[in-house]
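What follows is a set of notes on a single structure, which appears directly below.
Pasting the structure below:
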């Protein structure tokens, strides 16, 4: 996990090297190094592929940053560095001190929850698309960090604009990345080169944070928790799919993760229990499939209005069911769960 930070650094160095070659107009030719052939120079289309690939890699690598955010000392510091390299500087504190304490209370959703510390921007409410969630959750987590540090520093009698501000320090940790991309671009092509290089950096950040928020979206979409009620297994979507467990380092075992946040990913277990409110709802279809569905909002809503109808019937508390009924009316999620083939969330059913 710790080595992933070195992977991020090496990847960004490789990307800026390719940006330099493109901006400087290095001739495209095949060259040899220690008996191995490689292409010197790069086309515009190839540069786009490099940048998109880097963003996708960092988006997946963020999972290790998430894991380390639940540690202390050097592990937490490395997590913050990884997130800062990926444009998600506010993630670590917001994830541990907001999301893990307030999940199930969506921010600015149809429930009517406001921008308060007892709501969770990383929980996507029913009816919201992945694209809208990415914007709201990213801004919301940063807002949480801003407000938390504002209050903490005021209690300590310190200025908001001080090095004690953890929210500001997180963004300062992104400066080396910005300087690297801007500096290399400027060396290769002046102001225009710097702007192109920074645009590449921003695209990497957009892709990586989009992937991060896609996971948040899939893990808690539409689930409801009443204010001041405890977080239970039913407030997370488990995804007990073998490939998801392997490719996403067991992050699909969300219910156990939220119950035992500091537990290593390899120690997490599935807690799904058919038709039992004590268990977790199991989405079953895998994160890659869910991601494709989420990219096409009508397909996502067609699938999840059915899953949530079963959650409302089999998992929700009476208070949660009452809230869900009103929200379903507002967002067009009114579905009779008895009409759905496959009576339990643990049983796969037709889309």
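Residue numbers (our numbering): 97 to 447.
Note that beta-carbon positions come from the ideal geometry of N, C-alpha and C, so glycine has one too.
Inset, instruction - Please report the residue range of the beta strand (DSSP E) in which residue 434 lies. - result: As a first step, residue 434 is located in the chain shown; it is residue number 338 there, counting from the start. That residue, residue 434, is in no beta strand (DSSP E); it is neither H nor E in DSSP.
Legend entry - Cα-Cα separation, residue 418 to residue 110: Taking the chain shown and counting its residues from 1, the one referred to as residue 418 is at position 322. Taking the chain shown and counting its residues from 1, the one referred to as residue 110 is at position 14. One C-alpha to the other measures close to 53 Å.
Legend entry - Between the CA atoms of residue 360 and residue 183 - distance to the nearest angstrom: Start at 1 with the first residue of the chain shown, and residue 183 comes out as number 87. Start at 1 with the first residue of the chain shown, and residue 360 comes out as number 264. In a straight line, the C-alpha of residue 183 is about 25 Å away from that of residue 360.
Inset, instruction - Just list the alpha helix (DSSP H) runs in the stretch 151-234, keeping only unbroken ones of 4 residues or longer that don't cross its boundaries, in chain order. - result: 170-181 and 187-190
Inset, instruction - Would you verify that the beta carbon of residue 258 is, or is not, closer than 8 Å to some beta carbon of chain C? - result: Among the protein chains of the structure shown there is no chain C, as only one such chain exists.
Inset, instruction - Tell whether a beta-carbon distance below 8 Å holds between residue 320 and residue 376. - result: Locating residue 320 in the chain shown gives position 224, counting from the first residue. Locating residue 376 in the chain shown gives position 280, counting from the first residue. Going by C-beta atoms, residue 320 is not nearer than 8 Å to residue 376.
Legend entry - Sufficient close CB pairs (3 or more, under 8 Å) joining the stretch 389-403 to the stretch 418-438: yes
Inset, instruction - Let me know the secondary structure DSSP gives residue 244 once reduced to three states. - result: Locating residue 244 in the chain shown gives position 148, counting from the first residue. Of the three classes helix, strand and coil, the one that applies to residue 244 here is helix, per DSSP.
Legend entry - Bridge partners - residue 129, DSSP secondary structure assignment: What you label residue 129 is simply residue 33 of the chain shown in a count that begins at 1. BP columns for residue 129 point to 132.
Inset, instruction - Starting from the C-beta of residue 351, find all residues in its chain whose C-beta is less than 6 Å away, skip the five residues before and the five after it, and write them out in chain order. - result: Translated into the one-based positions of the chain shown, residue 351 becomes position 255. 329, 332, 334, 367 and 376.
Legend entry - C-alpha distance - residue 142 paired with residue 99, whole-angstrom precision: As a first step, residue 142 must be located in the chain shown, where it is residue number 46. As a first step, residue 99 must be located in the chain shown, where it is residue number 3. One C-alpha to the other measures close to 27 Å.
Legend entry - CB of residue 477 within 8 Å of CB of residue 116, strictly: Any answer about residue 477 is impossible in this case: the structure gives the chain only from 97 up to 447.
Inset, instruction - Mind checking which residues open and close the alpha helix (DSSP H) that includes residue 350? - result: Here residue 350 refers to the residue found at position 254 when the chain shown is read from its first residue. Counting along the chain, the alpha helix (DSSP H) containing residue 350 begins and ends at 350-355.
Legend entry - Minimum length 3: unbroken beta strand (DSSP E) runs contained in the stretch 359-436: none
Legend entry - Top-ranked residue by Cα proximity to residue 230, from 293, 307 and 185: Residue numbering aside, residue 230 sits at position 134 when the chain shown is read from its first letter. With distances taken between Cα atoms, residue 230 lies closest to 307.
Inset, instruction - Return the bridge partner residues of residue 334 from the DSSP annotation. - result: Along the chain shown, read from residue 1 onward, the residue named residue 334 stands at position 238. Per DSSP, 378.
Inset, instruction - Count the other C-beta atoms from every protein chain shown that fall within 10 angstroms of the C-beta of residue 118, then say buried if there are 16 or more, exposed otherwise. - result: Here the question's residue 118 lines up with position 22 in the chain shown. By the 10 Å Cβ count, residue 118 comes out buried.
Legend entry - Distance between residue 130 and residue 363 (C-alpha atoms, nearest Å): Taking the first residue of the chain shown as position 1, residue 363 is located at position 267. Taking the first residue of the chain shown as position 1, residue 130 is located at position 34. Cα to Cα, residue 363 sits roughly 43 Å from residue 130.
Inset, instruction - State the start and end residues of the unbroken alpha helix (DSSP H) segment that holds residue 105. - result: Locating residue 105 in the chain shown gives position 9, where the first residue counts as 1. Counting along the chain, the alpha helix (DSSP H) containing residue 105 begins and ends at 99-120.
Legend entry - Among 135, 147 and 167, the one whose alpha carbon lies nearest that of residue 292: Against the chain shown, residue 292 aligns to sequence position 196. Residue 147 is the option with its Cα nearest to residue 292.
Legend entry - Assigned secondary structure, residue 139 (DSSP; H/G/I helix, E/B strand, else coil): In the chain shown, residue 139 corresponds to position 43, counting from 1. Note: residue 139 maps to coil in three-state DSSP.
Legend entry - Closest Cα partner of residue 512 within the set 97, 101 and 105: This structure cannot speak to residue 512, because the chain is shown only from 97 to 447.
Inset, instruction - Taking only the alpha-carbon atoms, compute the straight-line gap between residue 324 and residue 108 and give it to the nearest angstrom. - result: For the purposes of this step, residue 324 is taken as the residue at position 228 of the chain shown. For the purposes of this step, residue 108 is taken as the residue at position 12 of the chain shown. Going from the Cα of residue 324 to the Cα of residue 108 covers about 43 Å.
Inset, instruction - Specify the secondary structure class of residue 277 as computed by DSSP and reduced to three states. - result: By 1-based counting over the chain shown, the position of residue 277 is 181. If DSSP states are grouped into helix, strand and coil, residue 277 belongs with the helices.
Inset, instruction - Starting from residue 265, follow the alpha helix (DSSP H) in both directions and report where the run begins and ends. - result: The sequence position of residue 265 within the chain shown is 169, counting from 1. That run of the alpha helix (DSSP H) goes 262-268.
Inset, instruction - Would you tell me roughly how many angstroms separate the C-alpha atoms of residue 315 and residue 295, rounded to the nearest one? - result: Here the question's residue 315 lines up with position 219 in the chain shown. Here the question's residue 295 lines up with position 199 in the chain shown. Distance between the alpha carbons of residue 315 and residue 295 is about 30 Å.
Inset, instruction - Please report the Cβ distance between residue 226 and residue 310, rounded to the nearest whole angstrom; I am assuming they are in contact, meaning their Cβ atoms lie under 8 Å. - result: Counted from its first residue, the chain shown places residue 226 at position 130. Counted from its first residue, the chain shown places residue 310 at position 214. Indeed, because the Cβ distance is near 6 Å, the residues count as touching under 8 Å.
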